[in-house]
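Peer 1: The sequence shown stops at residue 186 when you use the numbering used here, and every number in between is there.
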Amino acid sequence: MKRVVSFIIMAAMAVSLVSCGSSRKAVAITEGEKEVDLIFSGKEYRTDKKYFRDNGFGVSKDLANAKKIAVQNSRQSIAAMVHAAVKLLVDNYAATQNADATSVIDGNDLQELGRTVVDTQLSGLEVVEEKAFRQPDGTYRYHVCMQLDKDNLSKAMSKALDKDVNTRLRADKDKFRAYFDEMIRQ
Numbered sequence: 001m002k003r004v005v006s007f008i009i010m011a012a013m014a015v016s017l018v019s020c021g022s023s024r025k026a027v028a029i030t031e032g033e034k035e036v037d038l039i040f041s042g043k044e045y046r047t048d049k050k051y052f053r054d055n056g057f058g059v060s061k062d063l064a065n066a067k068k069i070a071v072q073n074s075r076q077s078i079a080a081m082v083h084a085a086v087k088l089l090v091d092n093y094a095a096t097q098n099a100d101a102t103s104v105i106d107g108n109d110l111q112e113l114g115r116t117v118v119d120t121q122l123s124g125l126e127v128v129e130e131k132a133f134r135q136p137d138g139t140y141r142y143h144v145c146m147q148l149d150k151d152n153l154s155k156a157m158s159k160a161l162d163k164d165v166n167t168r169l170r171a172d173k174d175k176f177r178a179y180f181d182e183m184i185r186q
């Protein structure tokens, strides 16, 4: 027994000594490399409790096309982010409701409703900031940061629940609204 305790103490000391080293190693820079400043990488350009945010960029010989590509990339990224969040929310809500034997709810209806709402809300994306650069080869590089207001998304979902008769009959819409509002802001 004494040997086991001694072994455990020695093992713990060995682990603690090994873990005392620096967890971050200095990044070796190869000759000719330069650090690149990332555009729209600050905290104010990231998703938070109030907005879904993302940025995109586009490169083209024409400034208008570079902007169009950047906006489309940002829009697709935000759409994927919001669709994933809404799907997870609806799945979790449906699972908790299905555990309650008195509730009859179809998660597929809520998911379809969520997809429809998200698709319509994407037209309300706002530009946070945009920058354009003319490159040495004559092409344009365009960066844009866009956002989608979570409150507007929540209100649109509530409105859609009120209009959708099938979902309204089966779901406790007030309970879903409260759950949706709480979870979407995380």
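Here a beta-carbon is modelled for each residue, glycine too, at the ideal position from N, C-alpha and C.
With burial defined as no fewer than 16 other Cβ atoms inside 10 Å of the residue's Cβ, what is the status of Leu-88: buried or exposed?
Peer 2: Counting Cβ neighbours within 10 Å, Leu-88 comes out exposed, since fewer than 16 surround it.
Peer 1: Pick helix, strand or coil for Ser-158, following the three-state DSSP scheme.
Peer 2: Residue state, collapsed to three classes: helix.
Peer 1: Within a Cβ cutoff of 8 angstroms, which residues of the same chain sit near Tyr-51, ignoring the five residues on either side of it in sequence?
Peer 2: Excluding residues within five positions, the ones whose Cβ falls inside 8 angstroms are Gln-147, Leu-148, Asp-149, Lys-150.
Peer 1: Could you check the C-alpha separation between Asp-181 and Ser-154 for me, to the nearest Å?
Peer 2: Each residue's Cα considered, the two are about 6 angstroms apart.
Peer 1: Can you check DSSP and say which residues form a bridge with Ala-132?
Peer 2: The partner list for Ala-132 (beta bridge, DSSP) reads Tyr-142.
Peer 1: Short check: CB of Tyr-142 to CB of Ala-94, under 9 angstroms?
Peer 2: No; because the gap between Cβ atoms is not below 9 angstroms, this pair is not in contact.
Peer 1: Per DSSP, Ser-123 forms a beta bridge with which residues?
Peer 2: Beta-bridge pairing links Ser-123 to no other residue.
Peer 1: I think Thr-120 touches Ala-85, with their Cβ atoms under 8 angstroms apart; what is that distance to the nearest whole Å?
Peer 2: Thr-120 to Ala-85, Cβ: 16 angstroms. No contact.
Peer 1: Are there 16 or more other CB atoms within 10 angstroms of the CB of Asn-73, so buried, or fewer, so exposed?
Peer 2: By the 10 Å Cβ count, Asn-73 comes out buried.
Peer 1: Between Lys-43, Asp-62, Lys-34, Lys-61, which lies nearest to Arg-53 when the distance is taken from Cα to Cα?
Peer 2: When each option's Cα is compared against that of Arg-53, the closest is Lys-43.
Peer 1: Okay, do the segment 124-141 and the segment 56-71 touch, 3+ Cβ pairs below 8 angstroms being the bar?
Peer 2: Yes: the two stretches touch, three or more of their Cβ pairs being nearer than 8 angstroms.
Peer 1: Taking only the alpha-carbon atoms, compute the straight-line gap between Ile-39 and Gly-114 and give it to the nearest angstrom.
Peer 2: Looking at the two C-alpha atoms, the distance is approximately 32 angstroms.
Peer 1: For Asp-109, write down the residues that DSSP places opposite it in a beta bridge.
Peer 2: Paired residues: none, contrary to the question.
Peer 1: Would you kindly check if the distance between the Cβ of Arg-185 and the Cβ of Lys-49 is under 9 angstroms?
Peer 2: For Lys-49 and Arg-185, yes; Cβs fall inside 9 angstroms.
Peer 1: Let me make sure I understand the geometry here. Which of Asp-37, Ser-123, Asn-152, Lys-61 has the alpha-carbon closest to that of Ala-79?
Peer 2: Nearest of Asp-37, Ser-123, Asn-152, Lys-61 to Ala-79, Cα basis: Ser-123.
Peer 1: Output the boundary residues of the beta strand (DSSP E) element that contains Val-59.
Peer 2: Its beta strand (DSSP E) spans residues 51-60.
Peer 1: With DSSP as the reference, label Leu-72 as helix, strand or coil.
Peer 2: For clarity, residue 72 is Gln in the given sequence; the question names Leu instead. Reduced to three states, the DSSP call for Gln-72 is helix.
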